[in-house]
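Enquirer:
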Amino acid sequence: MRHCIVFVVGALLIGKTAGDETATEKVPQADICNEFGNKFCKGEKCNASLDVKGTFTCQCERDTMYFDAVKEMCQYKKTCVTTECSVGQCKEIGINLAKCGCENKAYVTLTCKVTDFYANECQKKGGTAVVNMDSLDGARCSCGEWAVMNSNKTKCIPTTCLYPALSCKDLCEKNLLDKDPRCCEGWDQKDCSKAPPIGTYCSPGTIRKGADCLSACIAGEGKLLCKNGCRASKAPGRAYECQCNSGYVVAEDGIQCKVDYTGLACPQEEEQKCLPGQYCIMRNKTAVCECPLHQHVVDGQCTGECSENKCHEDFTDCRVHFGKQRCSCPWALRKHPKSSVTKECILNEYYYTVSFKPNISLEARDCDTHKNRVLQAMQTTIGPEIFRVEILNCTDDITARLITGKPLSPYLLRKLQICEYPEGNICRIYPRLPIQKGSATEIQEENLCGSLLKEQETATKDTNECVRDGEYFWFKCKSGFREVDLKTRGRLRRSVCE
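Per mature numbering (1 follows the signal peptide of the UniProt record, and there is no 0), the sequence shown runs over residues -19 to -1, 1 to 479.
This is how it looks when you write it as structure tokens:
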């Protein structure tokens, strides 16, 4: 059985008005291949697009293949390059035939299913057999969230009665009363507001031992949750708590450990000496007032803003790094890996943007996980000129920044809008990026004045404004100022104004 992650991405279509006309639309469709497409397709047949003006497709001889602009040749569609496995590993078992499977994995079939024998044995222990997502270790016996396997690996032990910070009402509201009969005896799962008489049941953190409620720590059960052992709790109403290593203290739940900051806390009279925004910390028995990371003191308070910012005069941004102000080049980490190293902050690259509307829920913290997928798709379709991708947004849609070493041909800017490889209502951009049919935006060159250069424009203190002027992004003098000097570096220019 084949297990694949289906990553469906869509794009937000940005339409043009009737009066807009690109240079490519002025070129007859039949000439697009002669002027650019034939060279791009490297011997494969070039077809001027009839649906999307100003672009083309490279047609492979076989429907089972797609054109790869990086390798400059057609590739089979069903290979391990295009196949993603949720479990197991991909294996090519023939031409244009790849599948996911689990070979030589303990208690797992070739089709990545748990063997009946292991599933039954795990069930006898009170667990559920599952296959690890990476399948490196085959199957494992899971006891679930509210149970753990005993040290002999022979039985799942319930842990609901072992949490000292919970109450029987908590367990009732979580629908957990029936998980472990050793506590909360007499409670009714159907009515959590009615508690049995006090003294007739054991509270979580204790378990029933004959006629007594015994601390789970004393009963030897605390070790199931406490990695470093357990002890009697100092907190009132709690039977026990976990022990923590040096430098850590037990958290509010009585189980987890957290960093112990008590030894770093300053006396109140020392804290009062700190400026607004600063915090006090003890270092070598001396109280020290500090600003948060990447902030410093300006005009008597902590701020992440720079003072006396002159960085823009050298086409750089100002940053506060570990409390110190320094100039930072916005392009340094956006260069081609093989570009020559230079101490000067130079913009020679070209920046473009494109957006995709996802068909699956995305979270902003996961944006970087899509970079390689999008980069491979852009390179395969547009070419290796795109050497870096940055995901600017991935909440309701995905917006990607494409960085190239030279300008993209205008014949490539609409290429993503062609559904070259349709699959139902989606278009697959090989190797691994499906998008909704007819939803891709046109690739547009980014106006860096409104993004990466905005900070430098602000730093000029209203003397300059950033404008796009041909190949340059130019900090020109605003009205009321005159140019007395001009500085140029790469694709950046700055007028010295007075």
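Each residue gets a CB set at the ideal place from its N, CA and C atoms; glycine is no exception. From a predicted model like this one, the values you see are computed outputs, not experimental measurements.
#1: Roughly how many angstroms lie between the CA atoms of A100 and Q70, to the nearest whole one?
#2: Can you tell me whether P403 is buried or exposed, with buried defined as 16 or more other CB within 10 angstroms of its CB?
#3: CB R219 to CB P145, shorter than 8 Å?
#4: Would you tell me roughly how many angstroms separate the C-alpha atoms of P318 and G386, rounded to the nearest one?
#5: For A29, tell me which candidate among T38, K23 and C22 has the shortest Cα-Cα distance.
#6: Going by beta-carbon coordinates alone, are Q306 and C287 separated by less than 8 Å?
#7: List, from N- to C-terminal side, the beta strand (DSSP E) runs of 3 residues or more that fit wholly inside the segment 27 to 86.
#8: Can you tell me where the alpha helix (DSSP H) with C22 in it begins and where it stops?
#9: If you draw a straight line from the C-alpha of G285 to the C-alpha of H293, how long is it?
#10: Where do the N-terminal and C-terminal ends of the alpha helix (DSSP H) with T362 fall, by residue?
#11: Where does H317 fall in DSSP's three states?
#12: What does a CB cutoff of less than 6 Å around C207 pick up in its chain, not counting 5 residues either side in sequence?
#13: Would the segment 392 to 400 and the segment 362 to 379 be scored as touching if the rule is three or more Cβ pairs under 8 Å?
#14: Could you tell me which uninterrupted alpha helix (DSSP H) segments, each at least 4 residues in length, are contained entirely in the segment 219 to 267, listed from first to last along the chain?
#15: On the criterion of 16 or more Cβ atoms from any shown chain inside 10 Å, does R475 qualify as buried, or is it exposed?
#16: Going by C-alpha distance, which of G304, C225 and D298 is nearest P311?
#17: Go through its chain and collect everything with a Cβ distance to I236's Cβ below 6 Å, but skip five positions before and after it.
#18: Exposed or buried, which one is H351 when buried takes at least 16 other CB atoms within 10 Å?
#19: What would DSSP say about E289, mapped onto helix, strand or coil?
#20: Helix, strand or coil, according to DSSP, for Y332 in the structure here?
#21: What did DSSP end up calling E464 once you bin it into helix, strand or coil?
#22: Under 8 Å Cβ to Cβ from residue 482, same chain only, skipping five residues before and after it: list those, please.
#23: Where does the unbroken beta strand (DSSP E) through K305 begin, and where does it stop?
#24: By how many angstroms is the C-alpha of E102 removed from the C-alpha of residue 513?
#25: With a 10 Å radius around its C-beta and 16 neighbouring C-beta atoms as the bar for buried, classify K266 as buried or exposed.
#26: Could you have a look at I416 and say whether DSSP puts it in helix, strand or coil?
#27: May I have the straight-line CA-CA distance separating K459 from A358, to the nearest angstrom?
#28: Identify every run of the beta strand (DSSP E) within the segment 423 to 467, keeping only runs that are complete inside it and at least 3 residues long; order them along the chain.
#29: Bridge partners of H275, per DSSP?
#30: Count the other CB atoms within 10 Å of the CB of G461; is the residue buried (16 or more) or exposed (fewer)?
#31: Within 10 angstroms of its Cβ, does I(-15) collect 16 or more other Cβ (buried), or is it exposed?
#32: Assign F454 to buried or exposed, taking buried as 16 or more other Cβ atoms, counted over all protein chains shown, within 10 Å of its Cβ.
#33: Counting only the same chain and skipping the five closest in sequence on each side, list residues whose C-beta sits under 7 Å from that of Y47.
#34: So what's E371 in DSSP terms, helix, strand or just coil?
#35: Using a Cβ-Cβ cut-off of 8 Å (strictly less than) and excluding sequence neighbours within five positions of D295, which residues of its own chain qualify?
#36: With distances taken Cα to Cα, identify the nearest neighbour of I384 among G244, D378, E371 and L195.
Expert: With the given structure in hand:
#1: 22 Å
#2: exposed
#3: yes
#4: 11 Å
#5: T38
#6: yes
#7: 37 to 40, 46 to 49, 54 to 57, 70 to 75 and 78 to 82
#8: N19 to C22
#9: 17 Å
#10: K352 to I363
#11: coil
#12: C223
#13: yes
#14: 249 to 252
#15: buried
#16: D298
#17: L206 and C223
#18: buried
#19: coil
#20: strand
#21: strand
#22: This structure gives no information on residue 482, because the portion of the chain shown stretches from -19 to 479.
#23: K305 to S309
#24: Residue 513 lies beyond the residue range present for the chain, which begins at -19 and ends at 479; the question has no answer from this structure.
#25: exposed
#26: strand
#27: 42 Å
#28: 445 to 450 and 453 to 458
#29: Note: H275 sits in no beta bridge, so no partner.
#30: exposed
#31: Only weak support exists for where I(-15) lies, its pLDDT of 38 falling under 50; the value from the coordinates is given anyway. Exposed, because fewer than 16 other Cβ atoms sit within 10 Å of the Cβ of I(-15).
#32: buried
#33: C41, C55, Q56, K58, Y402 and Y411
#34: strand
#35: C308 and C326
#36: E371
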